[in-house]
Amino acid sequence: MCSGQLYDHTPCNTTAPPLHGSTYTCNSDTKTCNTYAIYRPQLSQQLSDIAGLFNVNESELQPAIHLQHREVVVPIICDCPDRSSRALINYTNNNLKSFLDIACGVYQGLVKPFVLEEQNGNLHETTLVKVPIKCACVNTSREVNSTMYLVSYPLMESDTIDIVARKFGVTPKSIHEANKLDPYQTIFGGTTLLVPTTRVPVLNLDHVVNGPSSHEYTIPVNGIVNRSMRNRFSTFLIGFATVCLCGVILLLVFLKWKCRHQKPQVVSITGLEFKRFSPDFLDGMSKLKQSLTSFSFDELKLATQNFSESLLIGKSVYNGQITGGFPVVIEDMKSIESANHVINILTTINHFNVIRLEGCCFHMNQCYLVFEFVKNGSLRDCLHDSKTRKQLTWAKRVKLAFDIAEGLHYIHYCTKPTYAHHNISSGNILITTDWRAKISGFNLAKPIVYNVVAEGDGGDSAKYLECGQDSTKADVYAYGVVLMELLSAKEAVVGRKWLDRDVEVVAGSSECLEKFNKFMDVDLEGEYTLADALRLALLAKCCIHDDPEIRPTMNDVLKALSRIS
């Protein structure tokens, strides 16, 4: 069941249908076209560097560049070598960068790492890497309102359709139509959007605001205010700033006087407590990528109403509110070693789908960690509560499957060192207000061990790094279990029984719909296509295979998920 058919269950003797809602599908009749893509350069990059990355002349970038917000409009040639349109760019990989570094670091998200791997195969066979960037050409079916170009735009987390529309001077409706989006469909950062333009795109960033707007257009006000008004306003600002500065100085003087006349309070980490930390940990604390707030024990007692059982949400885990009404989650770590371990991991990595550590408290022999508050609780709680479960639509569950996979892929491949989680479960997947997933429970996480393996017997034999995949395959198994729970809203043992006993029936007999409906959550009825649901079910089956060698990697899992419409 884990062959290539895992990702495409269409019979070999039939033509596969186009992906539902896809804007990048094409056919042999589609002509090559000139179009554009948006590139976000790094701070040190010059126009000549960008031109080299896209195999174009530097002069072609000059008319279509806006460096104020570090976004560059780059001309590309879009083609249809198969059923998916793309602009194929040659990148010379002299520094032997990984597919991940090329996709995320060099091309800033315009292409996915697994797409590079599919296009190029073995990275070490040549220094020439073919980079396929998603694009689309205007054809008869898309040609609306004199559209000339469909610009490939990589979305950021803060982007909305309105913001992108104002940036390009087009209407939100035209973007919805070009991408076949529903009016209220959610868009996600890290994906690509097509923006239809009637001319060579020029970014109008002066009209972009930090948030969505209910209006399709904004009216420029530059130049409307006369010079005398601006001068009076400037004078007012200077006077106001002077008054504020004097107020701040007086406040600081008052606070300094107050501190001198108050009894010193106990801080959360004393000098004696620091002696209990290892030198390696103290050295590591100075290299953290993320700063932590040091909370006092009294603050945590106040936040949890003296660790009231009514606020207990898990084993030694409490909901709480720090002074000012800021909601957090507080975990009693039981030991300094365990707290140090989690701190070391979560302060050196940063990913949207990984829980954020806000602070810590070391008091006597007690150790507490303070995490960001995630309103909807764990995935297990959401699936077991009938009211909440009904809100978990098919689209939301597919996105949660992506989120969990991306979080695991990040810690398996992208951190230094890379980690295996060893504790993935629906209870350790937390769900935000907007139904996104965050991985928590890093108490058992361990670095992945790499072994140097030599090829051949000679002294000059080539050497390569072999990943300790056995440790990550446990995470893959656990991901498969979570995937079963997402589909069925049943305990893992029920889903495993179905996959072991009934999946063959589902794959080939007339009883397929009856068996499959019994497995799937009844609250999802009518929301999914049978093909997509089967793909996820069979992906789960491969993930929980008894033989770890047959289980996919998280890289394989992301490839499989990319085929879900």
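Going by this note's numbering, the first residue of the sequence shown is number 2, and it counts up by one from there.
Even glycine gets a Cβ: it sits at the ideal position worked out from N, Cα and C.
Per DSSP, glutamine 43 lies in no alpha helix (DSSP H) segment and is marked neither H nor E. Collapsing the DSSP output to three states places arginine 87 in a strand. Within 10 angstroms of the beta-carbon of valine 523 lie fewer than 16 other beta-carbons, which makes it exposed. The count of Cβ pairs closer than 8 Å, one atom from the region 342–349 and one from the region 428–440, stays below three, leaving the stretches out of contact. With a threshold of 16 other beta carbon atoms within 10 Å, arginine 200 falls short and is exposed. In the DSSP assignment, asparagine 320 is bridged to Val330. For cysteine 543, the enclosing alpha helix (DSSP H) starts and ends at 531–544. Counting along the chain, the unbroken alpha helix (DSSP H) around threonine 389 starts and ends at 387–392. Taking the Cα of cysteine 415 as reference, the smallest distance to any Cα among Gly428, Asn377, Thr394 and Asn351 is reached at Asn351. The continuous alpha helix (DSSP H) containing tyrosine 411 extends over residues 395–414.
Put simply, the backbone Cα of glutamine 322 is about 7 Å away from that of threonine 305. Glutamate 338 and asparagine 366 have their C-alpha atoms roughly 11 Å apart. Assigned with DSSP and collapsed to three states, valine 75 falls in strand. In the three-state scheme derived from DSSP, where H, G and I count as helix and E and B as strand, serine 379 is classed as strand. CA-CA distance, lysine 439 to glycine 408, rounds to 8 Å. When secondary structure is reduced to three states using DSSP, tyrosine 25 falls in the coil class, being assigned neither helix nor strand.
Linking histidine 546 to isoleucine 164 through their CA atoms gives a straight-line distance of about 45 Å.
Contact between glutamate 300 and serine 317 does not hold, since the beta-carbon distance rounds to 18 Å and is not under 8 Å. In this chain, the alpha helix (DSSP H) harbouring serine 175 covers 173–180. Contact between the region 394–404 and the region 412–428 is absent: fewer than three C-beta pairs spanning the two stretches fall below 8 Å.
When C-alpha distances from leucine 540 are compared across Pro448, Val477, Gly527 and Glu515, the shortest belongs to Val477. Pairwise C-beta distances place the region 549–556 out of contact with the region 105–112, as fewer than three of them are shorter than 8 Å. Judged by their CB atoms, valine 73 and isoleucine 51 are nearer to each other than the 8 Å cut-off. Contact check for tyrosine 37 against proline 202 passes: the beta carbons are separated by less than 8 Å. In this structure, DSSP gives aspartate 299 a helical state, which the three-state scheme calls helix.
Counting the other CB atoms within 10 Å of its CB gives threonine 33 a total below 16, which places it among the exposed residues. For the 8 Å CB-CB criterion, asparagine 56 and asparagine 91 form a contact. Of all alpha-carbon atoms in Thr128, Val132, Arg167 and Thr127, the one lying nearest the alpha-carbon of proline 114 is that of Val132. For glutamine 120, there is no enclosing beta strand (DSSP E); the residue is part of the alpha helix (DSSP H) that begins and ends at 114–121.
By the criterion of a C-beta distance shorter than 7 Å, isoleucine 78 is surrounded in its chain by Thr33, Asn35 and Ala88, once the five residues flanking it on both sides are discounted. DSSP places histidine 364 inside the beta strand (DSSP E), whose first and last residues are 358–364. Between glutamate 486 and serine 441, the CB-CB gap reaches or exceeds 8 Å. In the structure shown, the three-state DSSP call for tyrosine 420 is strand.
A residue is called buried once 16 or more other Cβ atoms fall within 10 Å of its Cβ, and glutamate 515, having fewer, is exposed.
Separation of leucine 204 and lysine 168 (C-alpha to C-alpha, rounded to the nearest whole angstrom) is 6 Å. Under the DSSP assignment, lysine 560 falls outside any beta strand (DSSP E), being part of the alpha helix (DSSP H) whose first and last residues are 555–562.
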